[in-house]
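Here the protein sequences line up with chains A and B, keeping their order. Just so we're aligned, residue 4 is where the first sequence starts under our numbering, counting upward by one. Just so we're aligned, residue 1025 is where the second sequence starts under our numbering, counting upward by one. A virtual CB, placed ideally from N, CA and C, is assigned to each residue, including glycine.
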Amino acid sequence: MPDQTGGQVRLLVTPGADLTPVRRYIDLGLVDVRIVYPIAVLPDQ
Amino acid sequence: MSANTVMVTVNFLSSVRSKDVAAQFFELFSSLYPELRFELMGEIPTSKRERFDRLKALEEWERDRGSRGVARADYQFEGKSPLPFYASVIWHGQGTHHTWSDSIGVQFDERFWIGDKPKNFTDRAVQLLIGLAELGSVLYGDGAHWSEFEEKNSITMRLPDGRVAREISGVRPRKGLGDIYWANLFGKPYIDLFGRENLMRVEATRMEFARDNVLLIFGSGPFDWKRTDIRNMQEKARLMLDRNAFVDKSTGLKPNLNIGGSSGAR
Chain A
4 MPDQTGGQVR LLVTPGADLT PVRRYIDLGL VDVRIVYPIA VLPDQ
Chain B
1025 MSANTVMVTV NFLSSVRSKD VAAQFFELFS SLYPELRFEL MGEIPTSKRE
1075 RFDRLKALEE WERDRGSRGV ARADYQFEGK SPLPFYASVI WHGQGTHHTW
1125 SDSIGVQFDE RFWIGDKPKN FTDRAVQLLI GLAELGSVLY GDGAHWSEFE
1175 EKNSITMRLP DGRVAREISG VRPRKGLGDI YWANLFGKPY IDLFGRENLM
1225 RVEATRMEFA RDNVLLIFGS GPFDWKRTDI RNMQEKARLM LDRNAFVDKS
1275 TGLKPNLNIG GSSGAR
């Protein structure tokens, strides 16, 4: 749930997580999402 | 829901908190997508859903779900057949903030575009964007496949412990824009900022006028953004419009236009 006072909310999620439920919030700049990969190399795009 | 969706969203300067706007939205949606039926509805942040009922949906659309005296609502309507789709309204108390804007968005499973599914999904998504622009005073709207949004709004960083992270971060439409996408709807504040004549000169695949708003489309659909020629066209448009309205790609610095000013919503 975004912060109603205007603060930014950051969600930490695991790779492969379904972001669909929060996509509207991300799109609006209400929520930042950080996906942390356990290895030092990102998977191919 | 499949991992990827195509999302069409319009952000408004005016309030969308009314049964009238809700009724107009459902009318618009059913006229464009007569084969799609909403089945469930509920608050976005929760998993609690109830059966969709058109009359009750109008009530729920305008019901205040805020707390501590802050009016706001995040509500969603869902369908599952033949594939998942979501429509959502997010509104805030007008005049109580200068950060947020009300918005209506629809997400479609990307598989609507693949194979022998109901026809003209691209054209209908464009019509949806144009139709949504009729529901209020437009600030900004966009249409994009999630992969385009994620690619253009994410940075990769190395954490202190050596792991790698990707951060996806959108921009509040009152502050500025993330990038140019497949579909881009500019309301009056952005038309004034970019200049109408300047906007007219942008090379796009398609340009439409929706009331007093300008819609720029790049590519023949939401999947074309990966094509080099389309990316180049989008990049050219971004450079031509500029006005510090976009996230700085080299520094990741977000714009701070403060549209609507400190007095809150207009």
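| Item | Value |
| --- | --- |
| Pull up the distance between the alpha-carbon of Glu1259/B and that of Gly1243/B, whole angstroms please. | 13 angstroms |
| Note down the Cα distance separating Met1224/B from Gly1155/B, rounded to an integer number of angstroms. | 21 angstroms |
| For Thr1275/B, count the other beta carbons within 10 Å of its own beta carbon; 16 or more makes it buried, fewer makes it exposed. Which is it? | exposed |
| Hey, quick one: how far does the beta strand (DSSP E) through Asp1098/B stretch, first residue to last? | 1096-1103 |
| Quick one: what's got a C-beta closer than 8 angstroms to Arg26/A's C-beta in the same chain, skipping five residues either side? | none |
| Quick check: is the beta carbon of Thr96/A nearer than 9 angstroms to any beta carbon in chain B? | Outside the displayed range of chain A (4 to 48) lies residue 96/A, so it cannot be described from this structure. |
| So, helix, strand or coil for Leu1064/B, using DSSP? | strand |
| Flag this pair as touching only if the segment 1233-1249 of chain B and the segment 1188-1198 of chain B have three or more C-beta atom pairs under 8 angstroms; answer yes or no. | no |
| Consider the C-beta atom of Ile1241/B and the heavy atoms of the ligand COA; say whether any pair is separated by less than 8 angstroms. | Within the structure as shown, the ligand COA is missing, as the structure has no ligands at all. |
| Where does Gly1090/B sit, in a helix, a strand or coil, going by DSSP? | coil |
| Would you kindly work out how many angstroms separate the C-alpha atoms of Ala1097/B and Val1032/B, rounded to a whole number? | 19 angstroms |
| Where in the segment 1220-1255 of chain B do unbroken runs of the beta strand (DSSP E), each at least 3 residues long, occur, reported from the N-terminal end onward? | 1230-1234, 1237-1241 |
| Is the segment 1174-1190 of chain B in contact with the segment 1214-1221 of chain B, if contact means three or more CB pairs nearer than 8 angstroms? | no |
| Is the CB of Pro1106/B under 9 angstroms away from at least one CB in chain A? | no |
| In chain A, which residues lie with their C-beta within 7 angstroms of the C-beta of Trp1170/B? | Arg26 |
| Pick from Leu1281/B, Arg1262/B, Ile1283/B, Asn1282/B: whose alpha carbon is nearest that of Lys1273/B? | Arg1262/B |
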